[in-house]
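Notes follow the structure.
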Amino acid sequence: MYDWLLFLHVLAAFLLASTVVTYSAVVLGAPAGARAVSVANIMWDVGGLATLVLGIWLAIDVDGYEVWDGWILAAIVLWLIATGLGQEVRRAAGEGGDLTARRAATMHWLRSLTVLALLVLMIWKPGA
Numbered sequence: 000m001y002d003w004l005l006f007l008h009v010l011a012a013f014l015l016a017s018t019v020v021t022y023s024a025v026v027l028g029a030p031a032g033a034r035a036v037s038v039a040n041i042m043w044d045v046g047g048l049a050t051l052v053l054g055i056w057l058a059i060d061v062d063g064y065e066v067w068d069g070w071i072l073a074a075i076v077l078w079l080i081a082t083g084l085g086q087e088v089r090r091a092a093g094e095g096g097d098l099t100a101r102r103a104a105t106m107h108w109l110r111s112l113t114v115l116a117l118l119v120l121m122i123w124k125p126g127a
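With numbering that gives the first Met the number 0, the residue at position 89 of the sequence shown is 88, and numbering never jumps.
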């Protein structure tokens with residue numbers, strides 16, 4: 000069971016990373032249609048929910064971890080921040096205009112840094 004949970008958790012994290020890459024391309028000026036952005040948003044929604052649920056399930060399933068471990072709580076907080084920033088990106092991108100495009104880009108880069116911090120936290124598990 001552990002192997003499947005871990006595989007699906009990492010697969011879900013890949014969806015999150017794919018969203019960040021897609022939005023990075025858009026922010027850097029790559030032509031992207033509404034479909035590409037919609038797919039990226041769906042990948043974030045599915046990947047985000049799956050990483051959270053499967054991550055908590057893994058923390059419960061693995062004997063050495065508890066949901067209230069510091070690095071797991073930090074990961075949940077980073078997940079919440081990244082999700083909130085993603086909602087701001089969607090809102091700003093939907094409004095249009097030069098000022099909101101810059102705001103969307105700023106929120107995207109902040110979300111990218113948050114996802115990177117989350118990835119670092121998951122790999123090194125400080126305090127575990």
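The C-beta atom is built at its ideal place from N, Cα and C for all residues, glycine as well.
All figures in this text were calculated on a predicted structure; none of them were measured in a lab.
Checklist entry - If you compare alpha carbons, which of V66, V26, W43, G54 is closest to G83? => result As a first step, residue 83 must be located in the sequence shown, where it is residue number 84. The shortest C-alpha separation from G83 is found at W43.
Checklist entry - Is the beta carbon of V114 less than 8 Å from the beta carbon of A81? => result In the sequence shown, counting from the first residue as 1, residue 114 sits at position 115. In the sequence shown, counting from the first residue as 1, residue 81 sits at position 82. Yes. Within cutoff.
Item to check | Status (buried if at least 16 other CB within 10 Å, exposed otherwise) for V25 | outcome: Reading the sequence shown from its first residue, position 26 is the one you call residue 25. The residue in question, V25, is buried, as its Cβ has 16 or more Cβ neighbours within 10 Å.
Item to check | Local conformation of D62 per DSSP, three classes | outcome: Looking up residue 62 in the sequence shown gives position 63. Reduced to three states, the DSSP call for D62 is coil.
Checklist entry - Nearest to L4 by CA position, among A104, H107, T50, is which residue? => result Mapped onto the sequence shown, residue 4 falls at position 5. Closest option to L4, judged by alpha-carbon separation, among A104, H107, T50: T50.
Next on the checklist: With distance defined between alpha-carbon atoms, name the residue in L10, G63, Q86 nearest to M106.
Outcome noted: Walking along the sequence shown from the start, residue 106 turns up at place 107. Ranking L10, G63, Q86 by Cα distance to M106 puts Q86 first.
Checklist entry - Once you ignore the five residues that flank Y64 on each side, which residues in its own chain have a CB closer than 8 Å to its CB? => result Position 65 of the sequence shown holds residue 64. Excluding the 5 residues flanking it on each side, Y64 has same chain C-beta neighbours closer than 8 Å at L57, A58, I71, A127, in chain order.
Checklist entry - Thinking C-alpha only, which one of H8, A116, L112, L117 is nearest I55? => result The residue given as residue 55 occupies position 56 in the sequence shown. Nearest to I55 by alpha-carbon distance, out of H8, A116, L112, L117, is H8.
Checklist entry - Who are the Cβ neighbours of I41 in its own chain at under 7 Å, not counting the five residues just before and after it? => result Taking the first residue of the sequence shown as position 1, residue 41 is located at position 42. Excluding residues within five positions, none has a Cβ falling inside 7 Å.
Next on the checklist: With the cut-off set at 8 Å, would you say G46 and L15 are in Cβ contact?
Outcome noted: Here the question's residue 46 lines up with position 47 in the sequence shown. Here the question's residue 15 lines up with position 16 in the sequence shown. Going by C-beta atoms, G46 is nearer than 8 Å to L15.
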